[in-house]
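**Student:** Heads up: the sequence shown begins at 41 in the working numbering, then just goes up one per residue.
Using N, Cα and C, we set each Cβ at its ideal position, and we do this for glycine too.
Computed from a predicted model, the values in this text were never measured in an experiment.
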Amino acid sequence: MALARRGQMIASRGTDVWPDGARTARFGFIHALYQSTLYQQLAPARRSELHRRMGERLERGYASAVETVAPELAQHFTVAGDVVRARIHLRRAADRALQRHAYPEAIGHLERALAALAPAALGVSATALPARSRRSLARSRRKSPKASTPSIGSSFRRSSGRSSRNL
Numbered sequence: 041m042a043l044a045r046r047g048q049m050i051a052s053r054g055t056d057v058w059p060d061g062a063r064t065a066r067f068g069f070i071h072a073l074y075q076s077t078l079y080q081q082l083a084p085a086r087r088s089e090l091h092r093r094m095g096e097r098l099e100r101g102y103a104s105a106v107e108t109v110a111p112e113l114a115q116h117f118t119v120a121g122d123v124v125r126a127r128i129h130l131r132r133a134a135d136r137a138l139q140r141h142a143y144p145e146a147i148g149h150l151e152r153a154l155a156a157l158a159p160a161a162l163g164v165s166a167t168a169l170p171a172r173s174r175r176s177l178a179r180s181r182r183k184s185p186k187a188s189t190p191s192i193g194s195s196f197r198r199s200s201g202r203s204s205r206n207l
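(1) From R181 to F117, what distance separates their C-alpha atoms?
(2) Looking at C-beta atoms only, is the number of pairs between the stretch 55 to 64 and the stretch 80 to 90 that lie closer than 8 Å three or more?
(3) In the DSSP assignment, what residue or residues form a beta bridge with F69?
(4) Excluding five sequence neighbours on each side, which residues of the same chain lie with their C-beta closer than 6 Å to the C-beta of A146?
(5) In chain order, what residues of the same chain have a beta carbon less than 6 Å from the beta carbon of V123, not counting five sequence neighbours either side?
(6) Within the continuous alpha helix (DSSP H) that includes R140, where are the two ends?
(7) CB-CB under 6 Å to R125, same chain, minus the five flanking residues each way: which ones, in chain order?
(8) Measuring alpha carbon to alpha carbon, tell me which of A51, L90, Q80, E107 ends up nearest H71.
(9) Are the CB atoms of A110 and H129 within a distance shorter than 8 Å?
(10) Taking the Cβ atom as the reference point for each residue, do G54 and R66 lie within a distance shorter than 8 Å?
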């Protein structure tokens, strides 16, 4: 890339080999302000499309190890407006965080997944939200030293079998 060769705005960060065998060049902005300015100049529709395309390519490239990039996939699909895919990857990211006992991280993923399924946006009651995610969120909050919030009990009570849908 010409900008990287000239050292303007972006720099080469080497190469990666993805699980599907694809070799990719890596680049990074030399300053966060460049990235932020250019990102904000993208039209919202273009920004969404780029995130959708990147998310789809990451899904294909990491099909055999999708859980390793689940947070990135969730972010791409959230910005792209694909709520279904975003919540699938948020759930995967939360499951992986729970396996590592990274409860604050799991809480963040689960809260974002449940927010993506906001009752007002879906036209459903809060009790119809996925029980599995509410139970995981309540367990994570109980186990996390940083998460002693009054909503723990309400998350757990709402999860008590009212919905069989999984997130």
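**Tutor:** The short version:
(1) Reading the sequence shown from its first residue, position 141 is the one you call residue 181. Reading the sequence shown from its first residue, position 77 is the one you call residue 117. If I take the Cα positions, the gap works out to 26 Å.
(2) no
(3) Counted from its first residue, the sequence shown places residue 69 at position 29. BP columns for F69 point to I50.
(4) One-based indexing of the sequence shown puts residue 146 at position 106. Excluding positions up to five away in sequence, the list reads A134, A137, L138, S180.
(5) Start at 1 with the first residue of the sequence shown, and residue 123 comes out as number 83. Counting only Cβ-Cβ distances below 6 Å, and skipping sequence neighbours, we find A156.
(6) Reading the sequence shown from its first residue, position 100 is the one you call residue 140. That residue, R140, is in no alpha helix (DSSP H); it is neither H nor E in DSSP.
(7) Position 85 of the sequence shown, counted from the first residue, corresponds to residue 125. Counting only Cβ-Cβ distances below 6 Å, and skipping sequence neighbours, we find F117.
(8) By one-based count along the sequence shown, residue 71 stands at place 31. The option with the nearest alpha carbon to H71 is A51.
(9) Here the question's residue 129 lines up with position 89 in the sequence shown. Here the question's residue 110 lines up with position 70 in the sequence shown. Yes, Cβ-Cβ distance for H129 and A110 is below 8 Å.
(10) Counting from 1 along the sequence shown, the entry for residue 54 is found at position 14. Counting from 1 along the sequence shown, the entry for residue 66 is found at position 26. Yes, the Cβ-Cβ distance between G54 and R66 is below 8 Å.
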